[in-house]
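Residue numbers (this note's numbering): 10 to 147.
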């Protein structure tokens with residue numbers, strides 16, 4: 010991949026030696042914590058330019074993965090906060106109260122509140138579970 014970046018008139022060098030392997034996770038949680046606490050050390054002064062580029066690319070990929078994961082966690086936390094606020098507001102409404110029920114983000118139908126104690130919770134992939142607001146701590 011590095012030689013493809015060089016112009017054809019420049020001599021190409023042999024491929025760089027591989028980077029030292031990262032510590033492999035073990036099957037026990039203790040080993041994983043120990044491996045994460047003391048990762049393998051790499052002396053960057055002894056790496057070639059190609060190895061440094063590969064290390065940078067690997068690090069960039071890991072940073073991007075962590076940023077994506079953090080973004081997903083923040084989105085999930087926001088959705089949880091919104092759902093909690095909506096359930097709290099719903100619990101304050103009397104039975105028989107007229108309201109609008111969303112079918113999509115921009116399509117609503119009129120409805121009547123029958124039972125604000127029981128709600129359906131989307132647990133993913135088209136599955137819903139019925140739970141009581143008291144079991145959710147509301």
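In this text, a Cβ means the ideal position worked out from N, Cα and C, and glycines have one as well.
{"query": "Would DSSP call residue 138 helix, strand or coil?", "result": "strand"}
{"query": "Within this structure, are the beta carbons of residue 96 and residue 106 separated by less than 9 angstroms?", "result": "no"}
{"query": "According to DSSP, simplified to helix, strand and coil, what is residue 99?", "result": "helix"}
{"query": "CB-CB under 8 angstroms to residue 64, same chain, minus the five flanking residues each way: which ones, in chain order?", "result": "28, 51, 53, 56"}
{"query": "Using CA atoms only, rank isn't needed, just tell me which of 80, 81, 142 is closest to residue 126.", "result": "142"}
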